[in-house]
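The structure under discussion appears below in the form of structure tokens.
Residue numbers (this note's numbering): 8 to 201.
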């Protein structure tokens with residue numbers, strides 16, 4: 008997996024207060040100046056919203072589709088709905104590959120079969136149903152995700168881990184959606200993750 012971030016080029020202790028044109032230029036440089044080699048997929052993790060960076064990506068680079076990541080709370084769902092609406096606008100026209108509900112429920116390590124819906128239940132699933140787009144998965148709020156990432160061993164690489172299975176299932180569903188769009192004649196595009 009190849010990884011590139013504006014954060015690699017800035018002081019980690021300083022904020023990056025860039026205006027739209029600076030962000031757009033930086034994004035274009037990240038895409039165009041990196042030696043990506045041959046890629047099957049290019050996943051772009053964007054901040055939530057409908058701002059300059061989203062418009063730059065969709066107007067400058069070929070995009071197969073967007074994966075919308077939300078949490079179950081109404082305020083997050085409202086932002087996700089706006090993001091979906093932006094991608095569906097005629098001027099942008101980026102297919103929605105699906106919705107992922109992050110922090111869908113909390114599962115304590117000592118009670119792995121218990122699910123506590125502390126931020127609400129099924130918000131992402133309901134949003135996907137309302138907008139007639141695929142629902143990809145629920146990602147639980149569990150400490151092992153951040154702990155294993157911080158330790159340099161992402162949870163997705165841990166065999167027999169239910170949380171890893173959720174990420175693997177999500178990746179397979181996204182690949183399936185990309186294949187569907189490619190079969191319809193949309194080729195040589197990338198995936199945007201909002």
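A virtual CB, placed ideally from N, CA and C, is assigned to each residue, including glycine.
From the DSSP output, which residues share a beta bridge with residue i?
i: residue 105; result: 74
i: residue 146; result: 109
When we look at the beta-carbon of residue i and count the other beta-carbons within 10 Å, is it buried (16 or more) or exposed?
i: residue 72; result: buried
i: residue 60; result: buried
i: residue 46; result: exposed
i: residue 123; result: exposed
i: residue 58; result: exposed
i: residue 67; result: exposed
i: residue 184; result: buried
Please state the DSSP three-state secondary structure of residue i.
i: residue 123; result: strand
i: residue 159; result: coil
i: residue 24; result: coil
i: residue 177; result: helix
i: residue 1; result: Because the chain here runs from 8 to 201, residue 1 falls outside it and cannot be looked at.
i: residue 96; result: coil
i: residue 41; result: coil
i: residue 116; result: coil
i: residue 8; result: coil
>> Any contact between the region 98-105 and the region 27-43? By contact I mean 3 or more CB pairs, one from each, below 8 Å.
In response: No contact exists between the region 98-105 and the region 27-43.
>> Taking 8 Å as the cut-off, does the region 71-89 touch the region 106-126 (at least 3 CB pairs, one atom from each stretch)?
In response: Contact holds: three or more Cβ-Cβ distances are below 8 Å.
>> Taking 8 Å as the cut-off, does the region 128-138 touch the region 168-178 (at least 3 CB pairs, one atom from each stretch)?
In response: Fewer than three beta-carbon pairs drawn from the region 168-178 and the region 128-138 are found closer than 8 Å, and the two stretches are therefore not classed as touching.
> With contact counted as at least three CB pairs below 8 Å, one residue from each stretch, are the region 8-23 and the region 142-155 in contact?
Replying inline: Counting Cβ pairs under 8 Å, fewer than three are found: no touch.
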